[in-house]
Amino acid sequence: RCLDHWPPIARIVGAPSPTQFWSSNVTCGVRCLSVPDVFRALDSACRSPSREVATVLTADHFPAFFREVYGYEPFPWQTRLARSVIEDGQWPELLDLPTGAGKTAALDIAVFHLAVEAAKGPSRKAPVRILFVVDRRIIVDAAFERAKTLARKLEQSTGGILFDVARRLKFLAGSQAPPLDIVRLRGGAPRERDWARSPAQPLVVVSTVDQVGSRLLFRGYGASPRMRPVHAGLVGADALWPLDEVHLSRP
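Here you go:
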């Protein structure tokens, strides 16, 4: 709950941003907070109108959101799935659809669902991290490009439904962070920058099985021993795992 209110708390008491706080062991320049400081900051943050999200998003807005991002209408099944996820708060166990039917749009639905529930606090059901996992590098690259398009459109938005979605995502991320961060994890590609900066940052990770699997088991490829528990926590908690082409990865 404190993370929801961290940006205004930081402004009030002079603490670092969530990014600074999470990503480094700061040895100087950080103000030590007393318990009364924290409680006064929390009280002020809870009363601050700047933390309110006035725009109401519903499942009815998903087609307009999709259209503003990609320039065409979603398939009827995508709209039905978005409504089901938003209204029920649960994903189906299986999307049994042929190749080319647009299953990667599950990313868009998950991000929109998070925006709908961004201001719900502890009652939020939409995970803040979406890990799209598939055991084929070429599909990882294609899904990564799609996710980058979504993140770019959100960050550049100045009005309409995209701006409303971006504003609600920034309610979670903080005013200095992008509304949506994108990471690709696979072998044979340049190592990704540090993406484990803030547990409050809305994030899409597109990955092969080995990369996220090793992190879930506290043995993250490329992660230092000290960061392995952090990566395990980020991929294992408050996270949605859409698994694509699962028939290609038999146990």
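Per the numbering used here, the very first residue in the sequence shown carries number 46; after that it's consecutive.
Cβ coordinates follow ideal geometry from the N, Cα and C atoms, glycine included.
The three-state reading of DSSP puts aspartate 283 in coil, since its state is none of H, G, I, E or B.
About 5 Å separates the beta carbon of arginine 260 from that of valine 280, a gap short enough to meet the 8 Å contact definition. The residue among Gly145, Pro270 and Arg271 with its C-alpha nearest the C-alpha of alanine 187 is Gly145.
Put simply, the segment 193-208 does not touch the segment 261-273. Fewer than three CB pairs are less than 8 Å apart.
If you draw a 10 Å sphere on the C-beta of serine 220, you find fewer than 16 other C-beta atoms in it, and that means exposed. Relative to glutamine 256, the option among Pro270, Thr124, Leu152 and Arg231 whose CA is nearest is Arg231. According to the DSSP assignment, serine 129 belongs to the alpha helix (DSSP H) that extends over 121-133. Scanning its chain for C-beta atoms nearer than 7 Å, with the 5 sequence neighbours on each side dropped, one finds around arginine 229 the residues Val185, Phe189, Glu237 and Val251, in chain order. Per DSSP, phenylalanine 263 lies in no beta strand (DSSP E) segment and is marked neither H nor E.
For glycine 134, same chain residues with a beta-carbon under 6 Å away, outside a window of 5 residues either side, are Lys170 in chain order.
By alpha-carbon distance to glycine 233, the top candidate from Arg181, Gly205 and Arg174 is Arg181. The alpha-carbon separation between phenylalanine 157 and methionine 272 amounts to approximately 30 Å. For leucine 262, same chain residues with a beta-carbon under 8 Å away, outside a window of 5 residues either side, are Ala277 in chain order. In summary, threonine 203 is exposed, with fewer than 16 beta-carbon neighbours lying within 10 Å of its beta-carbon over all protein chains present. Counting only the Cα atoms, phenylalanine 107 lies some 21 Å from tryptophan 286.
For proline 244, the closest of Leu102, Ala222, Val254 and Gly258 by C-alpha to C-alpha distance is Ala222. Contact between phenylalanine 177 and valine 249 holds, since their C-beta atoms are separated by about 7 Å, short of 8 Å.
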